[in-house]
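Scroll down for the structure; my scribbles are underneath it.
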Amino acid sequence: MNNDNHALVDSIRKASATNIDRRGFLKLTGLLGGGLVLASMSPALLAADSSTAPLLANAELNAFIRVTPEGRIVIYSANAEMGQGIKTTLPMVIAEEMGASWSDVEVLQSPVNELLFGPHGAGGSTTVPRTWDQMRQMGASAREMLIGAGAIVMEVPRDELTAANSRVTHESGEFRTFAQLASLAAKQPVPDVTTLEFKERADYTIIGKAISGVDNGVIVTGGALFGIDTRVPDMLYAAYQKCPAIGGKAVSANLDEIKRLPGIVDAFIVKGNDNVMELLDGIAVVGTNTHAVFSAKQKLNVQWDESGASRDSWSKMAADAAALQGKRGGDPVVKKGDVDTQFSNPENTTLEAFYEYPFVAHLCMEPMNCTAHYKKGSGGAKDSVELWIPTQMPTRALVPMKTMFGLEQDQVTIHQMRLGGSFGRRVFSEYICEVTEISKRVGKPVKLTWTREDDIRHDFFRVGGFQSVKAAVNKAGKLIAFENHHIGMLTNGQPAIGSGFTANEFPLENIDHGYISNTMFEIKTPCGPWRAPRSNTNAFVVQSFLDEVAHQAGRDYRDFLLEILGESRWLEDGNIRAMHTGRAAAVIKLAAEKAGWGRKMPAGTGLGLAFFFSHAGHIAEVAEVEVDANKRIKVKRVTVAVDVGPIINFSGAVSQVQGSVIDGLSTMMTQKITMESGRIQQSNFHDYPVLRLPSAPIVDVHFIQSDYRPTGLGEPALPPLAPAVGNAIFAATGQRVRKMPLSEEGYSI
Amino acid sequence: MPRYTLNINGADQTIDVEPDMPLLWALRDTLGLIGTKYGCGIAQCGACTVHVNGNAMRSCTITVSSIAGQKVTTIEGLATGEQLHPLQQAWIELDVAQCGYCQTGQIMSAAALLATRPDPSDADIDAAMAGNYCRCGTYLRIRSAIHQAAKPTSALFYDAARTQEEQA
Numbered sequence: 027m028n029n030d031n032h033a034l035v036d037s038i039r040k041a042s043a044t045n046i047d048r049r050g051f052l053k054l055t056g057l058l059g060g061g062l063v064l065a066s067m068s069p070a071l072l073a074a075d076s077s078t079a080p081l082l083a084n085a086e087l088n089a090f091i092r093v094t095p096e097g098r099i100v101i102y103s104a105n106a107e108m109g110q111g112i113k114t115t116l117p118m119v120i121a122e123e124m125g126a127s128w129s130d131v132e133v134l135q136s137p138v139n140e141l142l143f144g145p146h147g148a149g150g151s152t153t154v155p156r157t158w159d160q161m162r163q164m165g166a167s168a169r170e171m172l173i174g175a176g177a178i179v180m181e182v183p184r185d186e187l188t189a190a191n192s193r194v195t196h197e198s199g200e201f202r203t204f205a206q207l208a209s210l211a212a213k214q215p216v217p218d219v220t221t222l223e224f225k226e227r228a229d230y231t232i233i234g235k236a237i238s239g240v241d242n243g244v245i246v247t248g249g250a251l252f253g254i255d256t257r258v259p260d261m262l263y264a265a266y267q268k269c270p271a272i273g274g275k276a277v278s279a280n281l282d283e284i285k286r287l288p289g290i291v292d293a294f295i296v297k298g299n300d301n302v303m304e305l306l307d308g309i310a311v312v313g314t315n316t317h318a319v320f321s322a323k324q325k326l327n328v329q330w331d332e333s334g335a336s337r338d339s340w341s342k343m344a345a346d347a348a349a350l351q352g353k354r355g356g357d358p359v360v361k362k363g364d365v366d367t368q369f370s371n372p373e374n375t376t377l378e379a380f381y382e383y384p385f386v387a388h389l390c391m392e393p394m395n396c397t398a399h400y401k402k403g404s405g406g407a408k409d410s411v412e413l414w415i416p417t418q419m420p421t422r423a424l425v426p427m428k429t430m431f432g433l434e435q436d437q438v439t440i441h442q443m444r445l446g447g448s449f450g451r452r453v454f455s456e457y458i459c460e461v462t463e464i465s466k467r468v469g470k471p472v473k474l475t476w477t478r479e480d481d482i483r484h485d486f487f488r489v490g491g492f493q494s495v496k497a498a499v500n501k502a503g504k505l506i507a508f509e510n511h512h513i514g515m516l517t518n519g520q521p522a523i524g525s526g527f528t529a530n531e532f533p534l535e536n537i538d539h540g541y542i543s544n545t546m547f548e549i550k551t552p553c554g555p556w557r558a559p560r561s562n563t564n565a566f567v568v569q570s571f572l573d574e575v576a577h578q579a580g581r582d583y584r585d586f587l588l589e590i591l592g593e594s595r596w597l598e599d600g601n602i603r604a605m606h607t608g609r610a611a612a613v614i615k616l617a618a619e620k621a622g623w624g625r626k627m628p629a630g631t632g633l634g635l636a637f638f639f640s641h642a643g644h645i646a647e648v649a650e651v652e653v654d655a656n657k658r659i660k661v662k663r664v665t666v667a668v669d670v671g672p673i674i675n676f677s678g679a680v681s682q683v684q685g686s687v688i689d690g691l692s693t694m695m696t697q698k699i700t701m702e703s704g705r706i707q708q709s710n711f712h713d714y715p716v717l718r719l720p721s722a723p724i725v726d727v728h729f730i731q732s733d734y735r736p737t738g739l740g741e742p743a744l745p746p747l748a749p750a751v752g753n754a755i756f757a758a759t760g761q762r763v764r765k766m767p768l769s770e771e772g773y774s775i
Numbered sequence: 003m004p005r006y007t008l009n010i011n012g013a014d015q016t017i018d019v020e021p022d023m024p025l026l027w028a029l030r031d032t033l034g035l036i037g038t039k040y041g042c043g044i045a046q047c048g049a050c051t052v053h054v055n056g057n058a059m060r061s062c063t064i065t066v067s068s069i070a071g072q073k074v075t076t077i078e079g080l081a082t083g084e085q086l087h088p089l090q091q092a093w094i095e096l097d098v099a100q101c102g103y104c105q106t107g108q109i110m111s112a113a114a115l116l117a118t119r120p121d122p123s124d125a126d127i128d129a130a131m132a133g134n135y136c137r138c139g140t141y142l143r144i145r146s147a148i149h150q151a152a153k154p155t156s157a158l159f160y161d162a163a164r165t166q167e168e169q170a
């Protein structure tokens, strides 16, 4: 990174920030693929306005692309970067269609403006499929404008020109660089997006390659990127203590004593609005540094009113669920064919089992934090707030800013910061509301940092649950009936995020007889999305249980699965995000082949296979596991076969699969959140451990780069891991794994 | 408030802080060296790893008063001028980071390892790096990048799994 580039890039950033809200620049072309697709901003409109000179000087081709006179191609990344690699992936698509050399590209996080850039959020492995067309349009329209400029300058027909390597080249060999053409290109008419043509895959020079992440230079040198790194002049530091029993109200606290502690500027009770996603009651401690406020927070003595607080008890949930084992829940949510006749038919073999999975925390390495500067309006000016937020969903904060603080969109400035992990954690606004309230009270910019203990105890957890499952196979050993009594959780009368078993869960769409019922416990413990919500637990149950059923029927699990899938077809006509049985079969076969499925294994070792479809991704995994006499596990290798369509960044894609496997293993082995009397009982890494480097298995990743549209890879490689490992443990030992985490069954890693 | 002088990245820095302030917060809040990260505050996760007199230490549990006058190296001081440390180069070349938050601590632990074992075995890496959590699960590439920094090869950077297998 050289400083000249940084200075230039900064100047573009400043110019952008001052002009970017001008809605007159926009030409909206409507909705496509569920997202707002923006045509290139019209440079002609810009040219008519002298105030846009700073932008034109940097040859703005559209909202996402600028070409500097020195030949730097600045591409905005508009979506939240949390480690999934989107800040590298999407600019690769733009650069590819534009004909840029990747070495000329500089990527910046865009300002937050959904009119210009479309939705900024990232989650649900949806960003790639949602923006694939938009990114290609941005790149291709810039390419057409550059070619248009090239035709003028070289005085040749435009169809004799091509764009590649940051140049527009005539068939004679004559060329102009993008930098030479940029100013004129910016004055070319913006192409109608419906006329744009995209490159063929065979012609790609960037998409499909392994590209190192665009922030890596800053990451390895310790530069400021993350929300927690925010430093603004005159900033104070804050900590916030909420009731250990979730939802308790603050009555009083030893505030005078706290205010006398070194480095403490203020301490006060904040009254919340009882919305766990916005602002719960708490004690704000404000000081001159993080250590001062963390230390003072430990000395708080707070009287809480817990009359309305959570009384949730995991041990009660587990006991209540155990009493339901083997029974049906209430009215079925799925009733297909007649499972009872199949279960009672003496020619069929039936099997029942009971599975359990706990609540788990997100445990982002960067704890929740946010910096806010609430500015009181003076001289008739309105109040305003400036926010530096590590968040998956930056514009969601606008809602509580309006409803709680009365601030309209034009009174709120949001800086999207890099996220030190998220996994679904940073989608609510509570840490943003807390610090906004604190900054408003103290009249200064404030950085709120949660302690690790706050971060674990006040998470929105992956919901725990239980499933009582039953299946029948016929004389020929084929699965014919599947029943599940799903025992899950409700919060505020609604199924907690991730708690449910729906009609399109495998294998319900593939068999004739299915029955799903629910029992739901009402809880107050907050739950939220956690990497592959619902799939991360349902895959464990279904893929472990079907392996049990196959074994009982004397079937090879690979063959048993392929038979359930049946002929190659989409399971829902016209839904390209539905499962395709041919794609499923292909990844199962590939993973099995690459792992040497069926080979004779040494004593104490085994192979386990699992397949799961989620987030439009078809993924199969084979785990090779060794288990010793003390139930110590070594996962030697996980072989993964993936079909998410064409791969954009090969390096990032492999990373997501490797990370998902290690995350899945970490979670299934040791992680469990429990609560009693509404209090979360874990608090830090000592009682909520993460897998360490020596235990990481080899992860061998194979992609089937099918011609379907690319889909996301942040989540779908996680769900198959737990059942693959569990099935391998069975193969190695004859012992079934029906409860996570495995540490509770005496296993260690 | 007491005054302490620390040698940070080769330069003496005098700061006025409470004696029990952990080095982590003196670096981040007082000196603005934000490359050293907060992860747990109880020396469990390794995100705050720095070198004190060349040894990898968890800065969240070392008080400023206990190391006055001693030599501290942070991630900001690991490169030599514009020349990145071989580990930093390998980390970029192998695209190790996912979210990136833990990586400065990982690199500092690895740098202390290489200073004593220039060509570490996998077992050496296991021992030196077991105290650094990565929630994103970048461990395979961390291992490969340490090998790469110690002994540059032409290994494809995305193929960390096979690289590791060949070395096992």
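Chains A and B, in that order, give the protein sequences. Its first residue numbered 27, the first sequence is counted upward by one per residue in the working numbering. Its first residue numbered 3, the second sequence is counted upward by one per residue in the working numbering. Beta carbons: idealized from backbone N, C-alpha and C, even for Gly. Predicted model, so just to flag it, every value in this text is computed and none were measured.
Within 10 Å of its beta-carbon, does His-512/A have 16 or more other beta-carbons around it, so buried, or fewer, so exposed?
Flag for His-512/A reads buried.
Strictly under 8 Å for the Cβ-Cβ distance: is Ser-677/A near chain B by that measure?
Yes, because at least one Cβ of chain B sits closer than 8 Å to the Cβ of Ser-677/A.
With DSSP as the reference, identify every bridge partner of Asn-656/A, one or two as the case may be.
Bridge partners of Asn-656/A: none, in fact.
Nearest CA to the CA of Ala-576/A: which residue from Gly-503/A, Asp-409/A, Gln-684/A and Val-131/A?
Among Gly-503/A, Asp-409/A, Gln-684/A and Val-131/A, the Cα nearest to that of Ala-576/A is on Gly-503/A.
If Phe-201/A and Thr-195/A are in contact, beta carbons under 8 Å, what's the gap, nearest whole angstrom?
Correct: roughly 4 Å between the Cβ atoms.
Using a Cβ distance threshold of 8 Å, determine whether the stretch 712-722 of chain A contacts the stretch 344-361 of chain A, with at least three qualifying pairs required.
No: the two stretches stay apart, fewer than three of their Cβ pairs being nearer than 8 Å.
What are the residues that DSSP puts in a beta bridge with Met-59/B?
Met-59/B pairs with Val-52/B.
Is the Cβ of Met-694/A closer than 8 Å to any Cβ of chain B?
It does not: the Cβ of Met-694/A has no partner Cβ on chain B nearer than 8 Å.
Out of curiosity, what's the CA-to-CA distance linking Ser-103/A and Leu-89/B?
In a straight line, the C-alpha of Ser-103/A is about 27 Å away from that of Leu-89/B.
Are any of the Cβ atoms in chain A nearer than 8 Å to that of Thr-140/B?
Judged by the 8 Å Cβ criterion, Thr-140/B is in contact with chain A.
With DSSP run on the structure shown, which of helix, strand or coil describes Pro-24/B?
Pro-24/B falls in the strand class under three-state DSSP.
At a CB distance below 7 Å, what residues from the stretch 652-675 of chain A approach chain B? Give them in sequence order.
Listed by position along the chain: nothing, the set is empty.
When you compare the CB of Cys-50/B with every CB in chain A, is at least one pair closer than 8 Å?
Taking Cβ atoms only, chain A never reaches closer than 8 Å to Cys-50/B, which makes this a no.
Is it right to say Ile-173/A is buried, meaning 16 or more other beta carbons lie within 10 angstroms of its own, or is it exposed?
It counts as buried.
For a contact defined as C-beta to C-beta under 8 Å, what are the partners of Tyr-263/A on chain B?
Neighbours of Tyr-263/A on chain B, chain order: Asp-31.
Quick check: the Cα distance between Gly-56/B and Ser-68/B, rounded to an integer number of angstroms?
Rounded to whole angstroms, Gly-56/B to Ser-68/B spans 16 Å at the Cα level.
Can you tell which of Met-110/B, Thr-65/B, Glu-84/B and Ala-45/B has the C-alpha that lies nearest to the C-alpha of Ala-28/B?
Among Met-110/B, Thr-65/B, Glu-84/B and Ala-45/B, the Cα nearest to that of Ala-28/B is on Thr-65/B.
Buried or exposed: Val-277/A, going by 16 or more other Cβ atoms within 10 Å of its Cβ?
When all chains shown are included, Val-277/A counts as exposed.
Determine the burial state of Thr-75/B: buried for a count of at least 16 other Cβ atoms within 10 Å of its Cβ, exposed for fewer.
Under this definition Thr-75/B is a buried residue.
Give a yes or no on whether 8 Å exceeds the smallest Cβ distance from Met-391/A to chain B.
Judged by the 8 Å Cβ criterion, Met-391/A is in contact with chain B.
8 Å is my cut-off, CB to CB: does Val-725/A come that close to chain B?
Yes, because at least one Cβ of chain B sits closer than 8 Å to the Cβ of Val-725/A.
Kindly list the residues whose CB is nearer than 6 Å to the CB of Ala-611/A, restricted to its own chain and excluding five residues on each side of it in sequence; keep chain order.
Closer than 6 Å at the Cβ level, and outside the excluded window around Ala-611/A, lie Leu-588 and Leu-591.
Quickly, what does DSSP pair Ser-410/A with across the bridge? List them, please.
Ser-410/A is bridged to Lys-401/A.
Just verifying my parser: in three-state terms, what is the DSSP assignment at Asp-364/A?
Looking at Asp-364/A - three-state DSSP - the assignment turns out to be coil, as it is neither helix nor strand.
Among the residues of its own chain, which have a CB less than 6 Å from the CB of Ala-722/A, if the five just before and after it don't count?
Cβ neighbours of Ala-722/A beyond the five flanking positions: Ile-688.
Could you tell me the boundaries of the alpha helix (DSSP H) in which Asn-139/A lies?
Neither: Asn-139/A is in no alpha helix (DSSP H) and is coded neither H nor E.
To the nearest angstrom, report how far apart Asp-481/A and Asn-500/A are at their CA atoms.
Roughly 50 Å separates the two Cα atoms.
Under 8 Å between beta-carbons, which chain A residues line up against Asp-128/B? List them in chain order, please.
Leu-719 and Pro-720, listed in chain order.
Quick one: what does DSSP say Gln-267/A is sitting in, helix, strand or coil?
In the structure shown, Gln-267/A sits in a strand (DSSP, three-state: E or B).
So if DSSP puts Leu-262/A in a beta bridge, which residue, or which two residues, is it bridged to?
The partner list for Leu-262/A (beta bridge, DSSP) reads Val-472/A.
Sorted by chain position, which residues of the same chain lie with C-beta nearer than 7 Å to Tyr-230/A's C-beta, five sequence neighbours on each side aside?
Only Glu-122 meet the Cβ criterion.
Quick one: what does DSSP say Tyr-103/B is sitting in, helix, strand or coil?
Reduced to three states, the DSSP call for Tyr-103/B is coil.
Got a sec: is the Cβ-Cβ distance from Phe-369/A to anything in chain B below 8 Å?
So, not an interface residue.
Have a look at Lys-225/A and Gln-731/A and give me their C-alpha separation to the nearest angstrom.
When rounded, the distance between both Cα atoms is 17 Å.
Would Gln-351/A and Ala-507/A qualify as a contact pair, given that the criterion is a beta-carbon distance under 8 Å?
No. Outside cutoff.
Start and end of the beta strand (DSSP E) containing Tyr-141/B?
Run containing Tyr-141/B: none in the beta strand (DSSP E); it sits in the alpha helix (DSSP H), 141-152.
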